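Student:
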Amino acid sequence: MSIDWTLYLVTDPDLAGGRDNVVPIVQEAVRGGVTVVQLRDKEASDEQIERTARELLDVLGDVPLFINDRVEVAAKLGCHLHIGQDDMAFREAREKLGEGQLIGLSIGSNEELAAIADDARPDVIGIGPVHSTATKKNAPAGMGTAAAAALAHAARERGIESVAIGGIKTHNAHELAGSDFAGICVVSDIMAAEDPAAAAAHLKEAFHG
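Quick note on numbering: the sequence shown equals residues 1 to 209 in UniProt numbering.
(1) Tell me where the beta strand (DSSP E) around residue 161 begins and ends.
(2) Three or more C-beta pairs under 8 Å: does that hold for the region 168–186 against the region 14–25?
(3) Measure the C-alpha to C-alpha separation of residue 174 and residue 76 and round it to an integer number of angstroms.
(4) Give me, in chain order, the residues of the same chain whose beta-carbon lies closer than 7 Å to that of residue 3; leave out the 5 immediate sequence neighbours on both sides.
(5) Whose C-beta lies closer than 7 Å to the C-beta of residue 6 among residues of the same chain, with five residues either side of it excluded?
(6) Would you tell me roughly how many angstroms separate the C-alpha atoms of residue 74 and residue 44, rounded to the nearest one?
(7) With a threshold of 8 Å, are at least 3 pairs of Cβ atoms found where one atom belongs to the region 154–173 and the other to the region 121–131?
(8) Suppose only complete runs of 4+ residues qualify. What are the alpha helix (DSSP H) ranges in the region 89–153, listed by chain order?
(9) For the region 129–148 against the region 91–100, are there 3 or more C-beta pairs whose distance is under 8 Å?
(10) Per DSSP, what kind of secondary structure is residue 207 in: helix, strand or coil?
(11) When burial is assigned at 16 or more other CB atoms within 10 Å of the CB, is residue 70 buried or exposed?
In structure tokens, the structure reads:
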């Protein structure tokens, strides 16, 4: 399955001004150039996640949809899945999701990358936080562009695609241009933007250098 990871949007209902605004913002962001979407809403029930995911599937077309953490919902809808280090074991996630969908995994250190088994590899990893961010509660301090790029290089040498996440904005996305990252993950710079389509276009242009 070939995916364009260039601009990966992670949703946030608070930054959107409420859950009802998530789908319209995503639609605009995709129009501006978002290539992958992850539905992330830690406070929502499985029923709410499923409802929003169905609405997104109706409007995303060929843009792939990942669901954060809720493996049962992802399996039910045939969506891809993203898990963090504290969500569930990768093998358990793969067993529940099946082989037909992709799984992304959050990575924040060399140790976490090294812990990935060759016979249980995620399809993509999110490396970060690159910069310190207030979007994710209890997130560690940013590792910096150089450290993140080094992790991306190590992942690429193992044949694992990676995207950068954490504090990535229009003004600093260019720092990752030309690195081994396949793309950038963005939350606030799109979800809280007055013009999500324009924000997406500017981010994509900045990353491409």
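We put the CB at the ideal spot given by N, CA and C, even for glycine. Bear in mind that the values here come from a model prediction, so they are computed numbers and not experimental data.
Tutor: If we stick to the structure as given:
(1) 161–164
(2) no
(3) 38 Å
(4) 36 and 64
(5) 35, 183, 204 and 207
(6) 14 Å
(7) yes
(8) 90–97 and 110–114
(9) no
(10) helix
(11) buried
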